[in-house]
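4 protein chains.
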Amino acid sequence: MPLGPNRWGKSEVRVSKVFRGQVADDFIDLTVRVLLEGDVAAAHIEGDNSSVLPTDTMRNTVYGMAQEHLTRDLEAFAGVLCEHFLERDDVHTAEVSLAESLWQRGSTHGFVGGGPERRTARLTRGETESTRAGVEGLVVLKTSGSAFENFPKDQFTILAEASDRLLATSITAEWTYSSMPSNTSTAWALARTTLVDRFFEDWSASVQHQGYLMGEQVLSAVPEISEISLRLPNQHHLPFDLTRFDMAWTNVVFHPVSEPYGDIYVTVTR
Amino acid sequence: MPLGPNRWGKSEVRVSKVFRGQVADDFIDLTVRVLLEGDVAAAHIEGDNSSVLPTDTMRNTVYGMAQEHLTRDLEAFAGVLCEHFLERDDVHTAEVSLAESLWQRGSTHGFVGGGPERRTARLTRGETESTRAGVEGLVVLKTSGSAFENFPKDQFTILAEASDRLLATSITAEWTYSSMPSNTSTAWALARTTLVDRFFEDWSASVQHQGYLMGEQVLSAVPEISEISLRLPNQHHLPFDLTRFDMAWTNVVFHPVSEPYGDIYVTVTR
Amino acid sequence: MPLGPNRWGKSEVRVSKVFRGQVADDFIDLTVRVLLEGDVAAAHIEGDNSSVLPTDTMRNTVYGMAQEHLTRDLEAFAGVLCEHFLERDDVHTAEVSLAESLWQRGSTHGFVGGGPERRTARLTRGETESTRAGVEGLVVLKTSGSAFENFPKDQFTILAEASDRLLATSITAEWTYSSMPSNTSTAWALARTTLVDRFFEDWSASVQHQGYLMGEQVLSAVPEISEISLRLPNQHHLPFDLTRFDMAWTNVVFHPVSEPYGDIYVTVTR
Amino acid sequence: MPLGPNRWGKSEVRVSKVFRGQVADDFIDLTVRVLLEGDVAAAHIEGDNSSVLPTDTMRNTVYGMAQEHLTRDLEAFAGVLCEHFLERDDVHTAEVSLAESLWQRGSTHGFVGGGPERRTARLTRGETESTRAGVEGLVVLKTSGSAFENFPKDQFTILAEASDRLLATSITAEWTYSSMPSNTSTAWALARTTLVDRFFEDWSASVQHQGYLMGEQVLSAVPEISEISLRLPNQHHLPFDLTRFDMAWTNVVFHPVSEPYGDIYVTVTR
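If you read the protein sequences in the order shown, they are chains A, B, C and D. Quick note on numbering: the numbering used here labels position 215 of the first sequence as 215, and the sequence is numbered without any gaps. Quick note on numbering: the numbering used here labels position 217 of the second sequence as 487, and the sequence is numbered without any gaps. Quick note on numbering: the numbering used here labels position 19 of the third sequence as 559, and the sequence is numbered without any gaps. Quick note on numbering: the numbering used here labels position 213 of the fourth sequence as 1023, and the sequence is numbered without any gaps.
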C-alpha cells in the first residue's frame, strides 16, 4: 500500500553550553528536536536503511555543532543544523525546533532556573507541635566552584575526578522555627537568599559539602531556626565527549540528564 | 486486628486571594493540605463516622477562613486552621501544609507566574521554508480588566455574566518571521514584552478579544513578524461561593481549577 | 489587522458514566475536548460576545448529553455533540475529541484502572533492618458498595450523605515481612489480590473503614506480613447535578475530580 | 554546627533485563533507588570525600549486579545490593528500593506495558468532515525480531549496527474511517489487535519498516479505514556496557532511556 507523509528525527535532545568569560560565565540550556523528510520509501517498504540517518547521529550532531555554533541566536544555530542535514542528497526537508529554558543570572557564575519555585509552611498543633517553613523547586546552577575528587574507587567506578565542574540542583529545604519570627516573610526571604548566595559563593568538594555549608549559614543568619533539612538532587550536566568525533574538548558542551540523579539529604542542627 | 497509625485529610486544595488596593492589587496563590489525627478507631473498625470530619468540610473551611485570615503570613493562616480543627474534642493533632506559588508583580493588577517559561524557535528548510519563534509556559494573571458578558444562553448555561473577573492563562505563542530580524534575541524580547504588557494593560471582553489585541500589537511592534498564533488556555479562577456558609461574598477568595479549561486559539495576520 | 484561523472550546472535560445492570454494572471514563469554529470575528476585534458560546456551556452540554446518549460507541456520542453545537447558525465546524481510559472488569461492580501499576520492594540492612514490599499506582473503582453517612456537620458542611456512592482510589500499599516468604512473588500476588478483592467485595462506611478491612484481610492471608500501611487517596467521582438543566437525575453521570482529593492513611498491625 | 541525619544515594536508576529462553523470553523492568548512611561527617564538614562512594558507582553497581543476580525475586536482588554496599566499613546502613513496572506477555517475545492506554475518537462535522479513531499510550516491547543495520555513517556516528535488538515504543495511532463501521468498538479492537500482533510477529529492519508493516496490516484488516498515521517514539533500551567492569557481556542487561528518543512518524494510505 502507498506510503503517506512520514518524518523521522530525535526529540528531547538536552544540551547545555557555558560561555566562559574573563569575569563572568554565561550559560544556555536547550531542548532540541530534529525532524527530517527525504528518500526513505525503501526503508519503510523494503527495510533498506541506506538513507535512514540514525536518530542517534542527529543527537550527536547537535552536541558536535553546539561547541562551535551555539549562541543566544537560536535561529542561527537551527539554521546551521538544517544546512548540515540538507547536505545529504536524500534529505529534502529539515525542521529543527529549539526550546530554551530561561535561567536568570544570580552571580558571576551562578544562575537561578525557571522552576516552579514554591514557598512552603507546615504547622503541627495538638499532641505534637512544630512550626516548619521551607522552599521547594528552587533550581540553581553554577558553572564553576564545585569539585568532586578523591572518592573511593572499586570495580564499578567509571566517574572521572573533577576539580571544577558544573553543579546544578533543585533545592528542597525545610527548617524548624524554635520560636516564631516576628515577620515570617522576612525570615523566609533571608533563609532563601542565604541558600542561594552560599550555593553560588562557596566552593564545595561535593554536594554533601555544599549542603552542609548552606545549612550552616542559614542557621547563622536566622536565629529562630533550630534545624534545617535539605534535599539536593544532583541534576547532572555531564561533559559530552566530543573527542569521539575528532573534535577538541573545550569544556563548554554538556549533556543535562534527568535520570538517574544523585540524591543527597543533609540536616544541620544547632 | 489492631489499628496502627492513621491520618485523614484533604490534599491539593487550591485557593487564591486578591488583596484589593486603592492603586494596585496584590495576589496570593496557595495549595493547602490538611491532615488530622483523632478518635477515629471506631470509624476504621466499626464504620462509625460520627468523628470523621469529612475532607470536603476541610476543603470548605480553607476557603471560608481564607476570606478573613489569609495574608502573606502563611504560618499565621496555618495556625488559624489548626486551631479551628482542634476545637473538636475528637481531633488530637492537626497538620496544615501550605505551598505558595510565587508570582512576580508585572503591573498594578498584573502578575507573572513561576511557570517553566521557554523561548522557542522552529526552522524549516528545504522543500518548504519557514522561520518561526515563540514562547511557551508564560503564565500571566490579572486581578481586573477582563469581562465576559452578553454571551449566548441555552439550556446548559450556568455561567454568570462577569463585568470584571480574574483572568489567567499560560501563553503559548508562535510567530513567523517574513525576514530574519537583525537580532533575534532583541526581537524575541520585544514580542514577549508586548504580549505581557498588552495582557496587563488592555481591557478585554473575552479571552478571544484579549488574544486578538495581543497579537495585533506584536505585529505592530515587530515589523519582521508576518503572523502570530496564540494558544490561551483559560486557567479559571472561580469565585468560591461563601454565601453557602452564611458569610458575605467580598470578591477576594477564588478557586483555581486545573481541569477542565477553556481552550482558545487565535491567529492574527497582516 | 486581519484575524486569521481561530477556534475555541473546552479541554480536559472529565466525565464518567455507570451503566446500571441487573447483576453487574458497566462503567466508562472519558476525557472530552470540544473545539468550535464560527462567526466570531466581532468577538475578537470588537469584543462582541453574542456568538461566543461559553466554554462552560460546552462542558455542561457534555454532562447533559452523556446521561441519554453516551454508550461505548464513542463516535456516536461525538456525533450527537457535534450535531448539537452545529444547531447554532453561528457555529460552522465542530470538532469533538474523546479519550477513553481503559478499565478492566474485576467483579460485578468493580474495575481495575489502567494506571502505571508497580510492584515495589524496599530493603534496609545494617544498623537498622527491615524488609518491605508493596504496590503503587493500583487504581480501582466500584460503582456500588460504599457509603459515607452520619458524619459530623458544621458551618462549612456542604457534602450530602451518601448511602451508596462510587468509590475510586489509587492504592499505595507497603507491608513489612517479619520473616521472608519462601516465594516473594507468590506472597506479593496474594497480598495484591486480597487488596483488590476486598475493595470490590466488602461494603464500607468510609475510605477509612474500607482501608482497615483491606489491611486486616492481607494480614490474615499472608502470615509473614506483620504490618501494612495503606495510602488511599479518594479519587472523587462527584454526581453532576443535571437538575439545573431541567433534566432528571438518574445517578449515572459523574464528574471525576483530580484535585483536591481526600487523603487517607491507614496502618493495620498484628 | 552539628551535622544531623544525612543520606546519599542514586534515584531513578532504570534497568531492564531479558531472561532468554529456548522458546520464549521473559523480561523485567525496574527502577532502583540506593540510599546509604555511613561515616561521612568529614565529607560534609571538611570536604573529605574518601568515604563518599560516588552515586555514579552505585548506578553502575546496579547494572553490574543485575547480570548475575536479578530475578523476579526483587527482595533477593535488593539483598545482594545491600550486602555489596555494606562490605565497605564506612557504610553503616543501606536501603535499596525497587519498583517493577508490570508488563503483560503478549507473545513469545512480546510484552504490553502498563501504560495509561486510551481509546480515542475525533469527529469533525460542519464545513469539513472527518471521522477518526485511534489509540494512545499503548506501550509495547519485544526482546527480539528487530534490527537496525546498513545505515549511513558520518563524522558523528557512534551507534553500532544491531542485527537483533530490543525494540520498545508507545504507540499513538489515528486512523480515518471512510465509512462508519457497523460496530465502532469491534473495529477499534481489531485495529488495536492488529497493531500489537504485527509489532510482535513481524521482523523489522527499522522503526520505519515496523510502522509501515503495522499500518499496512490495519488497512488490510479493517476495510472502513482509509488511512492510518502512526507516531512511534523509540523508547531506547540500550545495552549497558559491562565490559568496562571486566565482566562478560551476555546481552541481557539494558538501560532504558527516557530522553532523548527517536521520533518516527509514518502514514499509510490506500
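Here a beta-carbon is modelled for each residue, glycine too, at the ideal position from N, C-alpha and C. This one's a predicted model, so the numbers in the text were calculated from it and none came from an experiment.
Its chain contains 77, 80 as the residues whose beta carbon lies nearer than 6 Å to that of residue 69 of chain A, once the 5 sequence neighbours on both sides are disregarded; these appear in chain order.
For the 8 Å CB-CB criterion, residue 943 of chain D and residue 615 of chain C form a contact. When 9 Å is used as the limit between beta carbons, residue 1047 of chain D is near no residue of chain A, the shortest such separation being about 13 Å. Between residue 5 of chain A and residue 1004 of chain D, the CB-CB gap reaches or exceeds 8 Å. Nearest C-alpha to residue 547 of chain C among C:633, C:604, C:572: C:633. Taking 8 Å as the upper bound for CB-CB distance, residue 113 of chain A and residue 101 of chain A are in contact here, some 7 Å apart. In the pairwise beta carbon analysis, the region 936 to 951 of chain D is classified as touching the region 969 to 983 of chain D: at least three pairs are separated by under 8 Å. If you check each beta-carbon in the region 687 to 698 of chain C against every beta-carbon of chain B, the ones closer than 9 Å belong to 687, 688, 689, 690, 691, 692, 693, 694, 695, 696, 697, 698. Counting every other CB atom within 10 Å of its CB across the protein chains shown gives residue 1056 of chain D a total below 16, marking it as exposed. For the pair of segments examined, the region 19 to 30 of chain A was found not to touch the region 1035 to 1044 of chain D: the number of CB pairs separated by less than 8 Å stays below three. Secondary structure note for residue 1079 of chain D: it is in no alpha helix (DSSP H), and the uninterrupted beta strand (DSSP E) holding it is 1071 to 1079. Counting C-beta atoms within 10 angstroms of its own C-beta, residue 965 of chain D has fewer than 16 neighbours from the protein chains shown and is therefore classed as exposed. Bounds of the beta strand (DSSP E) holding residue 374 of chain B are 373 to 375. Close to residue 308 of chain B, with beta-carbon spacing below 8 Å, lies no residue of chain C; the smallest spacing is near 11 Å. Less than 8 Å separates the beta-carbon of residue 300 of chain B from that of residue 369 of chain B. At least one beta carbon of chain B lies nearer than 8 Å to the beta carbon of residue 102 of chain A. Neighbourhood of residue 272 of chain B in chain C, by CB distance below 8 Å: 808, 809, 810, in chain order. Assigned with DSSP and collapsed to three states, residue 395 of chain B falls in strand. The C-alpha of residue 622 of chain C is placed about 7 Å away from the C-alpha of residue 636 of chain C. For the pair residue 1079 of chain D and residue 116 of chain A, the CB atoms are not nearer than the 8 Å cut-off.
By the criterion of a C-beta distance shorter than 8 Å, residue 164 of chain A is surrounded in its chain by 144, 145, 146, 147, once the five residues flanking it on both sides are discounted.
Contacts between residue 56 of chain A and chain D, judged by CB atoms closer than 7 Å, involve 968, 969 in chain order. For residue 428 of chain B, the three-state secondary structure derived from DSSP is coil. For residue 216 of chain A, the enclosing alpha helix (DSSP H) has its first and last residue at 207 to 221.
Not flagged as an interface residue toward chain D: residue 92 of chain A, since no C-beta distance is shorter than 8 Å. The CB of residue 1074 of chain D comes closer than 9 Å to the CB of 6, 7, 8, 9, 55 in chain A, given here in chain order. By the rule that beta-carbons nearer than 8 Å mark a contact, residue 340 of chain B does not touch chain A.
Residue 962 of chain D and residue 50 of chain A do touch by the CB rule: their CB atoms are close to 7 Å apart, below 8 Å.
For residue 111 of chain A, the enclosing beta strand (DSSP E) begins and ends at 110 to 112. Taking the Cα positions, residue 727 of chain C is about 32 Å away from residue 898 of chain D. In the displayed model, residue 608 of chain C falls within a helix according to three-state DSSP. Apart from the 5 residues on each side of it in sequence, residue 323 of chain B has no Cβ closer than 6 Å to any other Cβ in its chain. In this structure, residue 209 of chain A lies away from residue 1022 of chain D, with their beta-carbon atoms at least 8 Å apart.
A direct Cα-Cα distance of roughly 19 Å separates residue 572 of chain C from residue 986 of chain D. The residue among A:17, A:22, A:90, A:63 with its C-alpha nearest the C-alpha of residue 40 of chain A is A:90.
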